[in-house]
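Below: one structure, written as structure tokens.
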Amino acid sequence: MIKFANLHVGFGTNGRLPGALSECVGLRKGHALGRIAGFVDLLHISSTFNAPLKPEIARLYVNQVAHNPDFQFTAVLGHCFTYDRDLTPAAVTDWKQGFLPLLRARRLGSLTMQFPWAFRFTAENREFLIRLRRTFHEFPLAVEFRHESWLAEEAISTLIDYHLSLVNIDQPAYFRALPPTATLTAGTAVVMLHGRSSPTVFGSFDRGGAPEPYRYSTNELEDWLPRLRRLAANAVNTLVIFDNRSGANAMVNALQTAEMMDSSRLRAPAELIQRFPIELRSFRASRPVQPLLIPRYVPDSAVA
Numbered sequence: 565m566i567k568f569a570n571l572h573v574g575f576g577t578n579g580r581l582p583g584a585l586s587e588c589v590g591l592r593k594g595h596a597l598g599r600i601a602g603f604v605d606l607l608h609i610s611s612t613f614n615a616p617l618k619p620e621i622a623r624l625y626v627n628q629v630a631h632n633p634d635f636q637f638t639a640v641l642g643h644c645f646t647y648d649r650d651l652t653p654a655a656v657t658d659w660k661q662g663f664l665p666l667l668r669a670r671r672l673g674s675l676t677m678q679f680p681w682a683f684r685f686t687a688e689n690r691e692f693l694i695r696l697r698r699t700f701h702e703f704p705l706a707v708e709f710r711h712e713s714w715l716a717e718e719a720i721s722t723l724i725d726y727h728l729s730l731v732n733i734d735q736p737a738y739f740r741a742l743p744p745t746a747t748l749t750a751g752t753a754v755v756m757l758h759g760r761s762s763p764t765v766f767g768s769f770d771r772g773g774a775p776e777p778y779r780y781s782t783n784e785l786e787d788w789l790p791r792l793r794r795l796a797a798n799a800v801n802t803l804v805i806f807d808n809r810s811g812a813n814a815m816v817n818a819l820q821t822a823e824m825m826d827s828s829r830l831r832a833p834a835e836l837i838q839r840f841p842i843e844l845r846s847f848r849a850s851r852p853v854q855p856l857l858i859p860r861y862v863p864d865s866a867v868a
């Protein structure tokens, strides 16, 4: 199989980082991010959708992953920009200050701008997108649309002209939803797999809605492999993010996908191997895995 040197597979967090990551590695003390960086090369920060990242926290994140030179972050731009269209200097400055430590440390793969399904391709929305791109010109930007109108030729040309990566998403099927794609519009390819539950959450304007837990099956992951290989073969940098809730589901699917893409690491936290012995049967842990005499009931393992 082809080795992709600039392929980064990781997952997104559901809420603030420490608690979400501890769910994946079973840590009760200390910062889990440093341990996570031993298993994956990418982490998507979703808490910045609601509030800016504090610069000192961003620097802490950079220090925590120093032992993995390939580790990158992606983060969501605040909904105040993409939903509320607030481009006041104060708001822009707050978000920029939080992202700059990641950028300066060369750890920022991309900022993702998530737009609601109601944000369709029109002349007015195109101009706002260009304005937003110019406002955050210092950063690598990727755009997550949820309406299929953004696959129009003129819309794709706009993304290419302004060096915006189209986020190729996997989401639930609903009316005029953006379908799975493998479209490259800038040097960085971005893929976001949200899961396939709760279509009403994705089709609404309610930015606070949370989909039901979802874990991709092996067959569903295999369906994405041709798209991932096509993007990785042509992009300078490829970022594959699992944002399906909860964090354990997302990390399990990220590890499985890295294995399918011929990763040589094949290491996973003992806590996850214990919880998902079938899904992670090819992985080894740094400490012995104690088999459960009575399988633990894990609600998110029953999905998919």
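Add 564 to the 1-based position in the sequence shown for my numbering, that's all there is to it. The beta-carbon is built from N, C-alpha and C at its ideal position, and this holds for glycine as well. Here the structure is a predicted model, which means the values were calculated and not measured.
According to DSSP, residues forming a beta bridge with residue i
i      : result
Ala706 : Thr676, Ser729
Leu825 : Here residue 825 turns out to be Met, not Leu, going by the sequence shown. Per DSSP, none; premise fails for Met825.
Asp734 : Leu757
Phe806 : Phe575, Leu757
His711 : Ala741
Phe637 : Leu607, Leu672
Arg831 : Arg848
Counted within 10 angstroms of its Cβ, other Cβ atoms place residue i as buried (16 or more) or exposed
i      : result
Thr749 : buried
His631 : exposed
Ser828 : exposed
His572 : buried
Phe739 : exposed
Asp787 : exposed
Asp734 : buried
Leu696 : buried
Asp648 : exposed
Ile600 : buried
Ser762 : buried
Ile842 : exposed
Asp807 : buried
Pro612 : Note that residue 612 is Thr in the sequence shown here, rather than Pro. The residue is buried, with at least 16 neighbouring Cβ atoms inside 10 Å.
Ser729 : buried
Phe789 : According to the sequence displayed, residue 789 carries Leu and not Phe. Flag for Leu789 reads exposed.
His711 : buried
Reduced DSSP secondary structure (H/G/I, E/B, other) of residue i
i      : result
His572 : strand
His595 : coil
Asn801 : strand
Asn844 : In the sequence as displayed, the identity of residue 844 is Leu instead of Asn. In this structure, Leu844 counts as coil in the three-state DSSP scheme.
Thr752 : strand
Arg779 : coil
Pro616 : coil
Ser586 : helix
Phe700 : coil
Val765 : helix
Ala796 : helix
Asn632 : coil
Asp787 : helix
Tyr647 : coil
Within 8 Å, strictly: CB atoms of residue i and residue j
i      : j      : result
Leu742 : Phe769 : no
Pro833 : Ala849 : yes
Thr638 : Gly673 : yes
Thr747 : Ile720 : yes
Ala706 : Val754 : yes
Gly662 : Pro619 : yes
Leu641 : Leu675 : yes
Arg809 : Ala774 : yes
For residue j and residue i, believed in contact at Cβ under 8 Å, the rounded distance
i      : j      : result
Asn570 : Asn801 : 5 Å
Gly576 : Asp605 : So it is not a contact: roughly 14 Å between Cβ atoms.
Trp714 : Phe685 : 5 Å
Distance cut-off 7 Å: residue i Cβ against heavy atoms of the ligand PLP
i      : result
Val589 : Ligands in the displayed structure: none, and consequently the ligand PLP is not present.
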